[in-house]
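Novice: Residue numbers (the numbering used here): 493 to 906. C-beta: ideal position from N, C-alpha, C; glycine also.
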Amino acid sequence: MHQKADIPQIDYWYYIENIIKEVLQTYGYREIRTPAFEHTELFVRGIGETTDIVNKEMFTFQDRKGRSLTLRPEGTAPVVRAFLEHNMSRENPLAKLFYLGNMFRCEKPQAGRYRQFNQFGLEAIGSQSPLIDAEIIQASLEIYKKIGLADLKLIINSVGCRKCRPKYLKALKDYFRDRKELLCSDCRERYDKNPLRILDCKKKQCQKEVKNSPTIFDYLCEDCKNHFRKLREYLDSLEITYQVNPLLVRGLDYYTKTAFEIISGELGSQNAIGGGGRYDYLVEELGGKYTPSVGFAAGIERIVSTMEKQAVRIPSWEGIKVFVATVSSEDNSSALKIVKQIRENGVSAEMDFLDKSIKAQMRLANKLNVSYVLIVGQEELKEQKVTIKNMSNGQQEKVAISKILPYIKTSQEE
RNA sequence: GUGGGCGUAGCUCAGUCAGGUUAGAGCCCUGGAUUGUGGCUCCAGUGGUCAUGGGUUCAAAUCCCAUCGCUCACCCCA
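#1: If you draw a straight line from the alpha carbon of E753 to that of L563, how long is it in whole angstroms?
#2: Drop a sphere of 10 angstroms on the beta-carbon of H578, count the other beta-carbons inside from all chains shown, and report buried for 16 or more, exposed for fewer.
#3: Report all residues from its chain with a CB closer than 7 Å to the CB of W809; omit the five preceding and five following residues, and keep chain order.
#4: Taking R582 as part of the alpha helix (DSSP H), name the residues at either end of that continuous run.
#5: With which residues is T707 paired in a DSSP beta bridge?
#6: Are there 16 or more other CB atoms within 10 angstroms of the CB of I611, so buried, or fewer, so exposed?
#7: Is V571 closer than 8 Å to I628 when the C-beta atoms are compared?
#8: Give me the residue from R559, V515, Q697 with the minimum Cα distance to F529.
#9: Let's see if you can read the secondary structure: which residues bound the alpha helix (DSSP H) around N824?
#10: Considering only C-alpha positions, which residue in the set S840, L866, C713, L730 is nearest to V977?
#11: Taking only the alpha-carbon atoms, compute the straight-line gap between H494 and F609 and give it to the nearest angstrom.
#12: Applying the 10 Å Cβ sphere with the 16-neighbour rule, what's the burial state of E731?
#13: D678: buried (16+ other C-beta within 10 angstroms of its C-beta) or exposed?
#14: Grab me the residues of E884's own chain with a C-beta within less than 8 Å of its C-beta, minus the 5 sequence neighbours each way, in chain order.
#15: Got a sec, what are the start and stop residues for the beta strand (DSSP E) Y591 sits in?
#16: Let me confirm a value: I806 is counted as buried when at least 16 other C-beta atoms fall within 10 Å, else exposed. Which label applies?
#17: Between K496 and R835, what straight-line distance do the alpha-carbon atoms span, to the nearest angstrom?
#18: Helix, strand or coil, according to DSSP, for F529 in the structure here?
#19: Mind checking R682: buried by the 16 CB within 10 Å criterion, or exposed?
#20: Is it true that the CB of A841 sits closer than 8 Å to the CB of K922?
#21: Closest to G838 by CA distance: which of E701, I900, C676 is it?
#22: Could you give the first and the last residue of the continuous alpha helix (DSSP H) run that contains Q517?
As structure tokens, then:
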């Protein structure tokens with residue numbers, strides 16, 4: 493299974509994860525870690541039976557007792573499950589949680605899309621206020637900004653609620669009824685199952701028909717209209733620029749009211765770097781009481797790939813500071829002790845474990861790009877000393893073993 | 001799920017179209033250039049079931065089929 497977290501990229505991952513944790517800490521979100529798999533039913537009910545994720549993208553298997561389990565394709569449903577299972581609403585009427593972990597979708601991999609990938613996401617469970625929608629958007633944008641990504645676009649929309657969406661769906665169906673034959677085969681199916689999805693079909697023939705279709709904004713109820721208006725007001729006051737796109741429909745059924753997506757021009761075909769929205773009925777759907785909520789999720793691989801395209805600079809591994817070389821194998825235990833002493837004082841140190849000659853050890857030290865090589869030999873040990881060689885200027889001198897650390901540390905500050 | 005491209009050493013690749021001696025290069029790695037010392041240079045060396053399985057042939061990395069994997073696009077999404 494392809495996993496884009498191997499050694500050459502690990503510095504990116506550390507960097508991103510640290511920023512996520514730091515930023516979300518300041519927003520009051522607590523990390524939650526849920527299992528990599530759940531009962532299949534959770535996703536079917538949560539994400540929706542008509543979605544692509546549930547229909548064709550889940551890694552589903554049976555355990556020994558015949559129960560159907562599924563590797564999580566997304567993070568929100570598991571978080572809500574945990575929220576309910578632990579009765580978090582009793583602790584706090586508004587649960588602010590974030591997660592960071594791998595997700596699985598059974599599809600053909602391609603650029604920016606992997607069967608196992610990583611997302612971070614945040615969920616605010618328990619508030620119906622558009623204020624929290626704005627906070628979630630703000631938090632996610634701040635993370636991108638701290639990471640150093642530029643030129644990201646925020647697109648927002650409202651997809652209505654239980655009250656007004658059915659009216660809109662009916663209007664859509666009325667509109668497309670006579671034009672069904674002009675749509676692609678997928679959209680003809682969507683017409684019956686989930687007409688909203690026709691809106692973001694990328695086929696030219698469908699877009700042509702979508703152009704004059706009824707817009708959701710004519711059908712939103714007062715509550716949804718106000719919510720959207722307030723959200724825009726809050727975003728404006730935060731000086732967040734955005735585009736309203738009434739055709740933005742997300743792939744998960746649970747969204748209500750606010751839906752948003754953040755895209756990066758650099759990514760090509762898979763351009764969504766993150767997305768989210770409000771899911772007012774999900775908690776209820778999963779067996780809790782009505783608990784309006786909003787969340788966001790982003791793909792780490794896509795962040796890394798955008799960082800690479802934008803040449804974002806990150807701190808990298810500092811490497812090893814000191815190499816302790818031995819003249820012969822009889823010096824090994826002394827060297828081992830010296831290495832230990834250096835490491836205990838917080839300085840990174842390495843030695844040879846392959847019985848290399850001193851020449852080979854010097855080469856290794858050079859390859860490791862260390863600042864100092866300490867040479868341990870009988871000649872030095874007789875006087876309780878080691879030879880310290882400064883690898884940048886080649887100079888060396890004998891130093892008492894007890895003075896090694898002060899020597900290294902003071903020279904380091906120069 | 002649909003359709004392209006690819007799979008030869010740790011890495012980047014040549015060799016495949018026109019089958020034919022022990023499958024090559026660069027980088028990396030290891031060792032050496034007098035005996036306790038790096039970088040540059042020079043010399044030498046290690047390393048490959050040519051993705052896997054089957055077929056055609058006197059002969060297959062090379063042709064054919066299947067499988068697996070990777071990759072790109074579509075769908076959709078992160």
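Specialist: Taking the geometry as given:
#1: Distance between the alpha carbons of E753 and L563 is about 24 Å.
#2: By the 10 Å Cβ count, H578 comes out exposed.
#3: Excluding sequence neighbours, W809 sits near D503.
#4: Start and end: 580-583.
#5: Within the DSSP bridge table, the entry for T707 names no partner.
#6: Before going on, a small fix: residue 611 reads as Gln here, not Ile. With 16 or more Cβ atoms within 10 Å of its Cβ, Q611 is classed as buried.
#7: In this structure, V571 does not lie closer than 8 Å to I628 by Cβ.
#8: Comparing Cα-Cα distances from F529 to each of R559, V515, Q697, the minimum goes to R559.
#9: The continuous alpha helix (DSSP H) containing N824 extends over residues 824-836.
#10: Shown here, the chain extends from 493 to 906; a query on residue 977 therefore has no answer.
#11: With a pLDDT of 38 at H494, under the threshold of 50, the predicted position of this residue should be treated as unreliable, though the coordinate-derived value follows. Their backbone Cα atoms lie some 9 Å apart in a straight line.
#12: Exposed is the call here.
#13: In this structure D678 is exposed. Its beta-carbon is surrounded by fewer than 16 other beta-carbon atoms within 10 angstroms.
#14: A quick correction: the sequence has Ser, not Glu, at residue 884. The beta carbon of S884 sits closer than 8 Å to those of S863, all from its chain and outside the five residues before and after it, given in chain order.
#15: First-last of the beta strand (DSSP E) with Y591: 587-596.
#16: Burial check for I806: the Cβ neighbour count within 10 Å stays below 16, so the residue is exposed.
#17: Confidence at K496 is low in this model, with a pLDDT of 46, below 50, so its placement is unreliable and the value that follows should be read with caution. Going from the Cα of K496 to the Cα of R835 covers about 31 Å.
#18: It is a strand residue.
#19: The residue is buried, with at least 16 neighbouring Cβ atoms inside 10 Å.
#20: This structure cannot speak to residue 922, because the chain is shown only from 493 to 906.
#21: Ranking E701, I900, C676 by Cα distance to G838 puts I900 first.
#22: Segment 502-519, the alpha helix (DSSP H) holding Q517.
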